[in-house]
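Visitor: Here you go, one structure.
There are 2 protein chains.
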Amino acid sequence: MPQHAVLTLIKQADKAISAEDFDTLMEFYADDAVLVVQPGQIAKGKPQIRTAFEAISRHFGKTLTVTQGHAHVIEGAGTALVVMETLLHIGQAPEPVVRRATYVFAMDPTRGWLCTVDNSYGTDLLD
Amino acid sequence: MPQHAVLTLIKQADKAISAEDFDTLMEFYADDAVLVVQPGQIAKGKPQIRTAFEAISRHFGKTLTVTQGHAHVIEGAGTALVVMETLLHIGQAPEPVVRRATYVFAMDPTRGWLCTVDNSYGTDLLD
Numbered sequence: 001m002p003q004h005a006v007l008t009l010i011k012q013a014d015k016a017i018s019a020e021d022f023d024t025l026m027e028f029y030a031d032d033a034v035l036v037v038q039p040g041q042i043a044k045g046k047p048q049i050r051t052a053f054e055a056i057s058r059h060f061g062k063t064l065t066v067t068q069g070h071a072h073v074i075e076g077a078g079t080a081l082v083v084m085e086t087l088l089h090i091g092q093a094p095e096p097v098v099r100r101a102t103y104v105f106a107m108d109p110t111r112g113w114l115c116t117v118d119n120s121y122g123t124d125l126l127d
Numbered sequence: 128m129p130q131h132a133v134l135t136l137i138k139q140a141d142k143a144i145s146a147e148d149f150d151t152l153m154e155f156y157a158d159d160a161v162l163v164v165q166p167g168q169i170a171k172g173k174p175q176i177r178t179a180f181e182a183i184s185r186h187f188g189k190t191l192t193v194t195q196g197h198a199h200v201i202e203g204a205g206t207a208l209v210v211m212e213t214l215l216h217i218g219q220a221p222e223p224v225v226r227r228a229t230y231v232f233a234m235d236p237t238r239g240w241l242c243t244v245d246n247s248y249g250t251d252l253l254d
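Printed below as a string of structure tokens:
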């Protein structure tokens, strides 16, 4: 079965993060998307999301790469919920940090699938 | 801070489940919403979702009630991701089954917030 389109987009976005290509990264987001930067802190809208990613990149000394593990896409009514293992490879750490992320995409009539909610913490927000 | 509108809707939907009022329950869903019935099995569209809830109700001998625990709503770009403890109280069981659920809502211009993806298994789908 071919991969769902949003998984291909996430893979491209992860490459943009690793390359620190934030112009390209922003193309994957709806204009008023929301990013959970960390529990209790959100970035809303592309300017804030871009600033957050630049800060995250600096925080990790520009050694962050992101890859995907297992994933499920549940598509309904013009939206798609992605539940996914997101692996954060940081510097020389021997093992990646594994998060169980949740992403929401919505189908935009002109731009196609766009990320509307980026919550890499998944249900761990409830801890 | 007042509760997010979608949390009020979920509470009303939970009441409808407990009352086995499936007509009311269906009003909370987009026409082509998706319900994760169990890992690997989805119901798509209101007729299938209704049939699934009727079967779930029969399965539990009509003793199922659903309540909410902790919850977070992350709203972006006309969608809302809900991460929530969903408590399933079944028959005379002393303790509820606690799931860490994920729900997606989208703002419909005429009908308001509607559930588009109902995944009470959250990131446990990755197990």
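Heads up: the protein sequence lines correspond to chains D and A, in order. Every letter in the first sequence is one number past the one before it in this note's numbering, and letter 6, counting from 1, is 6. For this note's numbering, add 127 to where a residue sits in the second sequence, where the first one is 1. Built from N, CA and C at the ideal position, the CB exists for glycine as well.
Could you tell me which chain A residues have their CB closer than 7 Å to the CB of residue 104/D, listed as they occur along the chain?
Guide: Result: 206, 208 and 231.
Visitor: Taking the alpha-carbon positions, what's the residue 93/D to residue 189/A distance?
Guide: Their backbone Cα atoms lie some 52 Å apart in a straight line.
Visitor: Helix, strand or coil for residue 205/D? Go by DSSP, reduced to three states.
Guide: A question about residue 205/D goes unanswered here, because the residues of chain D that appear run from 1 up to 127.
Visitor: Which bits of chain A does residue 44/D rub up against, with CB to CB less than 8 Å?
Guide: Here the neighbours are 203.
Visitor: Tell me residue 203/A's beta-bridge partners as DSSP assigns them.
Guide: Answer by DSSP bridge pairing, in chain order: 206/A.
Visitor: Taking three-plus beta-carbon pairs below 8 Å as touching, is the segment 18-33 of chain D in contact with the segment 49-66 of chain D?
Guide: A contact exists between the segment 18-33 of chain D and the segment 49-66 of chain D.
Visitor: Thinking residue 133/A and residue 209/A are a contact (beta carbons under 8 Å), I'd like their distance in whole angstroms, please.
Guide: Indeed they touch by this definition, with Cβ atoms about 6 Å apart.
Visitor: Just list the residues that DSSP pairs residue 90/D with in beta bridges.
Guide: According to DSSP, which records beta bridges pairwise, residue 90/D is partnered with 64/D.
Visitor: Does the ligand GTP have a heavy atom nearer than 8 Å to the CB of residue 134/A?
Guide: Among the ligands in the structure shown, none appear at all, so the ligand GTP cannot be discussed.
Visitor: Which residues bound the alpha helix (DSSP H) around residue 155/A?
Guide: Counting along the chain, residue 155/A falls outside any alpha helix (DSSP H), and DSSP gives it neither H nor E.
Visitor: Please determine, among 127/D, 103/D and 87/D, the residue with the shortest C-alpha to C-alpha distance to residue 96/D.
Guide: Selected option, being the one with the closest Cα: 87/D.
Visitor: At a CB distance below 9 Å, what residues from the segment 25-36 of chain D approach chain A? Give them in sequence order.
Guide: Listed in sequence order: 29, 30, 31, 32, 33, 34, 35 and 36.
Visitor: Taking the C-alpha atoms as reference points, what is the distance between residue 167/A and residue 238/A?
Guide: Straight-line Cα distance between these residues: approximately 30 Å.
Visitor: Using the C-alpha atoms, what's the distance from residue 73/D back to residue 4/D?
Guide: Spanning the two alpha carbons is a distance of roughly 7 Å.
Visitor: Considering only DSSP beta bridges, list what residue 171/A is partnered with.
Guide: Partner(s): 161/A.
Visitor: Smallest Cα separation from residue 251/A: which of 85/D, 76/D and 106/D?
Guide: The shortest C-alpha separation from residue 251/A is found at 85/D.
Visitor: So, at 8 Å on beta carbons, what are the nonlocal neighbours of residue 249/A in its own chain, with the 5 sequence-adjacent residues on each side left out?
Guide: Excluding positions up to five away in sequence, the list reads 210, 226, 227, 228 and 229.
Visitor: For residue 235/A, name the three-state secondary structure that DSSP assigns.
Guide: Strand.
Visitor: List, in order along the chain, the chain A residues whose C-beta lies closer than 7 Å to that of residue 85/D?
Guide: By Cβ distance, chain A contributes 253.
Visitor: Under a CB-based cut-off of 9 Å, is residue 227/A close to chain D?
Guide: By this cut-off, residue 227/A is an interface position.
Visitor: Quick check: residue 182/A and residue 242/A, are their CB atoms within less than 9 Å of each other?
Guide: Not closer than 9 Å, so no.
Visitor: For the segment 180-202 of chain A, which residues have a beta carbon sitting closer than 7 Å to at least one beta carbon of chain D?
Guide: Against chain D - using a Cβ distance shorter than 7 Å - the residues of the segment 180-202 of chain A are 197, 199, 201 and 202.
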